[in-house]
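Encoded as structure tokens, the structure appears first; notes follow it.
Chains as they are written, first to last, in my numbering: chain A, 1448 to 1643; chain B, 32 to 208; chain C, 111 to 317.
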């Protein structure tokens, strides 16, 4: 049955309308969770505010469980959605660079849009930086091309890699996440309050 | 949430778990409708492609990179993510307006000047942009959507971003605390 | 402090319940499989066989609901097969790219190989994963060739029915061999380009 647009249940002409609506909800949720403030976001690395971890991990857990239920009910097969392919070196290099970007900039792309639109000037500068960074990559693409395409493992999923059913992995992830929330709340309660 | 002035509604945020559940449900719905997850950096990429192919069309057509995203009958800006990000801007503005958070300012720790903050933000943005291309997605596209769909690359991106963040947080602590 | 965080405990309870449900519901992670008892019952239902004449008639009539699936290897398929057939070797049957064919709604899928054996295996495999409207051409291509390409004339005293059937087969032979009635050499299957069907919309990535 699903996904609705690729399977032709909903006319593809609606694609951009849904994009707009989904974006609207996305932006609203991010902003009202406090993701428009870089100091709140950076708190996750300094122990005074774990909102990033909580929102992010909860979202991953909810969506993961939802997808597995959809798969089980036959509403939408897990094989019918886009699974980001793994290019081993490229994704690790990218993750590390993004880690530096996060600490220095205090935002990630989506949250910087939220910050910029409510008037955070630092978020606007971050967005300009994003543009320059992507421009830099695209101009030097011939240099990066080889590593960018190296070690392509295809759209591999973690449970296949470990060799356990997806439901087991999801459950383990869930338990780990809930324990992490408990622990960080304790840390948060002890950390020096930061005003922002 | 734990800000000292509890009565100021501009510092009152959604409960993080509620926010997470809503975001998770939205992501699930996005998968169900479109077959793919959420994203953000892709829209900036489209903007880069659009401007470059506008300024130097010849170079853009010759380049292995740009030519992937250019077609003759469609603007490189006409992408799903572009519309999604327009929605993000509108949604965030709406939420900020409702909570009384619309205010032009440079947010920075008292330990640094606004100029330092802006320089760090620009550099951070630059690195995030660069990294998102290697990672084939940013926090939303790779880490969030990828992990939720159990993609190995999603977990690797997530571990890369947060692992590096924790590893170097101490070095850059002056920026934040 | 922690105990007062009601949202956390509600979240934990709900997620653990849902997560536990997943563990209970899908122990094998293969929800679509037919239980063995039902498979057994289906296997003893002879209506899954189609007669070669029936298949032939529907090919000639260009029945739109007929989907011929040749489950032999691609080499055999290239050397000879039925017109309009799709080649899905039995080893590839459960690859995701064939889902669209095998689960096409309203289509009657007719499996065949040289005999009944491979087609039978394919039938069990497909039925097990919940594919319906599946048939086997009884006797496979060998019997089909015997019946249609070299039909045996019935004796003079044969019943009307047998004579009619013979006439039908002669006509069919004409249809398949392209008119030269005398020539019985096995016709070359017109090379049907089998394009592995791409997903309807290529789903693109996030960022």
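Built from N, CA and C at the ideal position, the CB exists for glycine as well.
Quantities reported herein were computed from a predicted structural model and do not represent experimental measurements.
| message | If contacts are defined as beta-carbon pairs under 8 Å, then residue 121 of chain B and residue 1557 of chain A qualify, I think. What distance do you get, rounded to the angstrom? | response | Against the second chain, residue 121 of chain B aligns to sequence position 90. Against the first chain, residue 1557 of chain A aligns to sequence position 110. That belief does not hold up - the Cβ atoms of residue 121 of chain B and residue 1557 of chain A are roughly 14 Å apart, past 8 Å.
| message | List, from N- to C-terminal side, the alpha helix (DSSP H) runs of 4 residues or more that fit wholly inside the stretch 98-181 of chain B. | response | 111-129, 145-165 and 176-179
| For residue 87 of chain B, is the classification buried or exposed, using 16 other Cβ atoms within 10 angstroms of its Cβ as the cut-off for buried? | Locating residue 87 of chain B in the second chain gives position 56, counting from the first residue. The residue is exposed, with fewer than 16 neighbouring Cβ atoms inside 10 Å.
| query | Where does residue 99 of chain B land, buried or exposed, given buried means 16+ other C-beta within 10 angstroms? | reply | Numbered from its first residue, the second chain carries residue 99 of chain B at position 68. When all chains shown are included, residue 99 of chain B counts as exposed.
| message | Based on DSSP bridge pairs, tell me the residues matched to residue 159 of chain C. | response | The residue you call residue 159 of chain C lines up with position 49 of the third chain. According to DSSP, residue 159 of chain C bridges with C/246.
| request: Pull up the distance between the alpha-carbon of residue 148 of chain C and that of residue 234 of chain C, whole angstroms please. | output: Taking the first residue of the third chain as position 1, residue 148 of chain C is located at position 38. Taking the first residue of the third chain as position 1, residue 234 of chain C is located at position 124. In a straight line, the C-alpha of residue 148 of chain C is about 11 Å away from that of residue 234 of chain C.
| task | Pull up the distance between the alpha-carbon of residue 1559 of chain A and that of residue 1610 of chain A, whole angstroms please. | result | Counted from its first residue, the first chain places residue 1559 of chain A at position 112. Counted from its first residue, the first chain places residue 1610 of chain A at position 163. C-alpha separation (whole angstroms): 38 Å.
| said: So, with DSSP's three-state summary, where would you put residue 222 of chain C? | reply: Mapped onto the third chain, residue 222 of chain C falls at position 112. Residue state, collapsed to three classes: strand.
| message | Quick check: what's the CA-CA separation for residue 69 of chain C versus residue 158 of chain C? | response | This structure gives no information on residue 69 of chain C, because the portion of chain C shown stretches from 111 to 317.
| message | Give me the chain B residues within the contact set of residue 1520 of chain A, using Cβ-Cβ distance strictly less than 9 Å, ordered along the chain. | response | Residue numbering aside, residue 1520 of chain A sits at position 73 when the first chain is read from its first letter. Ordered by position in chain B, no residue passes the 9 Å Cβ test against residue 1520 of chain A, which lies about 12 Å from the chain.
| request: Tell me whether residue 1530 of chain A is buried or exposed, calling it buried when 16 or more other Cβ atoms sit within 10 Å of its Cβ. | output: On the first chain, residue 1530 of chain A is found 83 positions in, with the first residue counted as 1. Residue 1530 of chain A is buried by the Cβ-count criterion.
| Using a beta-carbon distance below 8 Å, is residue 118 of chain C in contact with chain B? | Along the third chain, one-based indexing puts residue 118 of chain C at 8. Answer yes: the Cβ-Cβ gap between residue 118 of chain C and chain B drops below 8 Å somewhere.
| message | Let's test the definition: count the other Cβ atoms within 10 Å of the Cβ of residue 180 of chain C and tell me whether it reaches 16, buried, or not, exposed. | response | As a working note, residue 180 of chain C is residue 70 in the third chain. Classification for residue 180 of chain C: buried.
| task | Can you give me the start and stop residues for the alpha helix (DSSP H) that residue 210 of chain C sits inside? | result | In the third chain, residue 210 of chain C corresponds to position 100, counting from 1. Per DSSP, residue 210 of chain C belongs to the alpha helix (DSSP H) from 209-212.
| For the candidate residues A/1640, A/1618 and A/1591, whose alpha-carbon lies nearest to that of residue 95 of chain B? | Position 64 of the second chain holds residue 95 of chain B. If we check each option's Cα against that of residue 95 of chain B, A/1591 comes out closest.
| field | Sub-8 Å separation of residue 1641 of chain A and residue 47 of chain B beta-carbons | value | If you number the first chain from 1, residue 1641 of chain A lands on position 194. If you number the second chain from 1, residue 47 of chain B lands on position 16. Contact flag unset, no.
| query | Applying the criterion that 16 or more other CB atoms from any shown protein chain within 10 Å of the CB defines a buried residue, is residue 1587 of chain A buried or exposed? | reply | Counting from 1 along the first chain, the entry for residue 1587 of chain A is found at position 140. Looking at its Cβ environment, which holds fewer than 16 other Cβ atoms inside 10 Å, residue 1587 of chain A is exposed.
| Pairwise C-alpha distance: residue 97 of chain B and residue 1507 of chain A | Counted from its first residue, the first chain places residue 1507 of chain A at position 60. Counted from its first residue, the second chain places residue 97 of chain B at position 66. One C-alpha to the other measures close to 32 Å.
| request: Indicate whether at least one CB of chain E lies closer than 8 Å to the CB of residue 116 of chain B. | output: Structure shown: chain E not included; protein chains present are A, B and C.
| Whole-angstrom distance between residue 1453 of chain A and residue 292 of chain C, CA atom to CA atom | For the purposes of this step, residue 292 of chain C is identified with residue 182 of the third chain, where counting begins at 1. For the purposes of this step, residue 1453 of chain A is identified with residue 6 of the first chain, where counting begins at 1. Summary for residue 292 of chain C: the model assigns pLDDT 44, below 50, so the residue's position carries little reliability; its value from the coordinates is reported in the next sentence. Each residue's alpha carbon lies about 52 Å from the other.
| request: Could you give the DSSP three-state label for residue 231 of chain C: helix, strand or coil? | output: As a working note, residue 231 of chain C is residue 121 in the third chain. It is helical.
| Partner residues on chain B for residue 1560 of chain A, Cβ-Cβ distance less than 7 Å | Within the first chain, residue 1560 of chain A is the residue found at index 113, counting from 1. In chain order: 71, 116, 119, 120 and 123.
| To the nearest whole angstrom, what separates the beta carbons of residue 213 of chain B and residue 41 of chain B, a pair I think is in contact under 8 Å? | This structure cannot settle anything about residue 213 of chain B, because the visible part of chain B is limited to 32 through 208.
| field | Whole-angstrom distance between residue 1543 of chain A and residue 110 of chain B, CA atom to CA atom | value | One-based indexing of the second chain puts residue 110 of chain B at position 79. One-based indexing of the first chain puts residue 1543 of chain A at position 96. Roughly 28 Å between the two C-alpha positions.
| Hey, out of A/1527, A/1622, A/1528 and A/1549, whose CA is closest to residue 198 of chain B's CA? | Numbered from its first residue, the second chain carries residue 198 of chain B at position 167. Of A/1527, A/1622, A/1528 and A/1549, the residue nearest in Cα terms is A/1549.
| query | Of all the alpha helix (DSSP H) runs that stay within the bounds of the stretch 50-75 of chain B, which reach a length of 4 or more residues? | reply | none
| request: With DSSP as the reference, label residue 1567 of chain A as helix, strand or coil. | output: Here residue 1567 of chain A is taken as the residue at index 120 of the first chain, counted from 1. Residue 1567 of chain A: strand per DSSP, three-state reduction.
| request: Mark residue 188 of chain B as exposed unless 16 or more other C-beta atoms lie within 10 angstroms of its C-beta, in which case mark it buried. | output: Locating residue 188 of chain B in the second chain gives position 157, counting from the first residue. By the neighbour-count rule (16 or more Cβ atoms within 10 Å), residue 188 of chain B is buried.
| field | Beta carbon proximity, residue 1628 of chain A to chain C, threshold 8 Å | value | Walking along the first chain from the start, residue 1628 of chain A turns up at place 181. So yes, residue 1628 of chain A belongs to the interface.
| message | Within the continuous beta strand (DSSP E) that includes residue 1458 of chain A, where are the two ends? | response | Here residue 1458 of chain A refers to the residue found at position 11 of the first chain. Element bounds for residue 1458 of chain A: n/a, residue is neither H nor E.
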